[in-house]
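A.B. asks: To start, I am sharing the structure in question, which I have written as structure tokens.
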Amino acid sequence: MLNLGVLASGRGSNFQSIIDEIEAGRINASIKLLIVDKADAYAVERAKKHSIGYLYFNPKQFPSKDDFFIKIADELKTRDVELVVLAGFMRIVRKPLIDAFPNRIMNIHPALLPSFPGLHGQKQAADYGVRISGCTVHFVDEGMDNGPVIIQAAVPVSPDDTEETLSARILKLEHRIYPEAIRLYSEGRLRVEGRIVKISGYELKDEYIVNPPLG
Ligand code: GAR
15 MLNLGVLASG
25 RGSNFQSIID
35 EIEAGRINAS
45 IKLLIVDKAD
55 AYAVERAKKH
65 SIGYLYFNPK
75 QFPSKDDFFI
85 KIADELKTRD
95 VELVVLAGFM
105 RIVRKPLIDA
115 FPNRIMNIHP
125 ALLPSFPGLH
135 GQKQAADYGV
145 RISGCTVHFV
155 DEGMDNGPVI
165 IQAAVPVSPD
175 DTEETLSARI
185 LKLEHRIYPE
195 AIRLYSEGRL
205 RVEGRIVKIS
215 GYELKDEYIV
225 NPPLG
């Protein structure tokens with residue numbers, strides 16, 4: 015069984031999708047700890063409901079950003095966490111945590127990286143006027159939304175989309191691909207070679223999506 019630690023800042027709907035897949039028996043994992051950096055993060059309510067231990071750390075109460083991440087790494091290591099899952103954690107992870115969990119931290123981002131990294135990926139895509147956007151699960155390195163890609167999923171974008179409508183469409187897919195990436199990891203099927211994540215048992219389906227469809 016894979017021991018998970020989850021870091022979140024807010025609503026925690028991705029955290030919930032992972033809890034649900036574990037409870038349904040589709041991922042052989044156990045969530046050992048939730049850590050939040052916001053006192054009012056709703057993710058905490060979800061942890062309570064599912065009897066998952068949680069901690070709140072206020073980054074401002076640490077002498078430096080590195081000290082904040084050293085503390086997080088210590089708490090995760092103490093609980094034998096093997097994979098760290100960033101679920102709407104709105105901070106750039108720093109070296110002490112990355113060094114403690116090399117290629118063992120995952121993040122989900124609401125755009126097709128490397129397009130639209132950083133905050134409000136959905137708004138950036140809607141404002142740019144792209145026809146296709148989506149979401150990306152990737153391993154975390156020291157760059158922002160930069161590490162090796164594990165899974166991506168695409169959605170069409172309408173010229174009438176707003177940040178809200180596009181976010182809702184993308185979120186549905188986030189809730190599918192994040193648990194899937196964790197399942198692949200828990201089954202030992204992911205191997206990182208430089209920037210490339212090799213997936214054992216993966217078969218490419220040669221399908222193309224054209225949006226808007228060709229007339
Ligand atoms: C999700 O859309 C996630 O992709 C995004 O924050 C939201 C959190 O929702 N993360 C980022 O933008 C990271 N750069 P949730 O708290 O309901 O899971």
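In my numbering, the protein residues as written are 15 to 229. A virtual CB, placed ideally from N, CA and C, is assigned to each residue, including glycine.
1) Let's test the definition: count the other Cβ atoms within 10 Å of the Cβ of residue 215 and tell me whether it reaches 16, buried, or not, exposed.
2) Is it true that the CB of residue 51 sits closer than 8 angstroms to the CB of residue 234?
3) Which one of 180, 207, 128 and 158 has the shortest CA to CA distance from residue 100?
4) Note down the Cα distance separating residue 4 from residue 20, rounded to an integer number of angstroms.
5) Could you spell out the range, first to last residue, of the alpha helix (DSSP H) harbouring residue 116?
6) Does the Cβ of residue 64 lie closer than 7 angstroms to at least one heavy atom of the ligand GAR?
7) Going by other Cβ atoms of all chains shown within 10 Å of its Cβ, with 16 needed for buried, is residue 60 buried or exposed?
8) Quick check: the Cα distance between residue 44 and residue 186, rounded to an integer number of angstroms?
9) Could you check if residue 123 belongs to the surroundings of the ligand GAR, using beta carbon to heavy atom distance under 7 angstroms?
10) Does the segment 114-127 come into contact with the segment 87-94, if we say contact requires no fewer than three beta-carbon pairs (one atom in each stretch) closer than 8 angstroms?
11) For a test of the three-state rule: what should DSSP assign to residue 150, helix, strand or coil?
12) Starting from the C-beta of residue 15, find all residues in its chain whose C-beta is less than 7 angstroms away, skip the five residues before and the five after it, and write them out in chain order.
13) Between residue 188 and the ligand GAR, is there a pair consisting of the residue's CB and a ligand heavy atom that are separated by less than 7 angstroms?
14) Are three or more beta carbon pairs between the segment 33-41 and the segment 69-79 nearer than 8 angstroms?
C.D. replies: Reading from the atomic positions:
1) Residue 215 counts as exposed, since fewer than 16 other C-beta atoms from the protein chains shown sit within 10 angstroms of its C-beta.
2) Residue 234 is absent from the structure shown; the chain starts at 15 and stops at 229.
3) 158
4) Because residue 4 is not part of the residues shown, which for the chain are 15 to 229, the question remains open.
5) Counting along the chain, residue 116 falls outside any alpha helix (DSSP H), and DSSP gives it neither H nor E.
6) no
7) buried
8) 23 angstroms
9) yes
10) Touching, yes.
11) strand
12) 42, 43 and 44
13) yes
14) Because the criterion of three Cβ pairs below 8 angstroms is not met, the segment 33-41 and the segment 69-79 do not touch.
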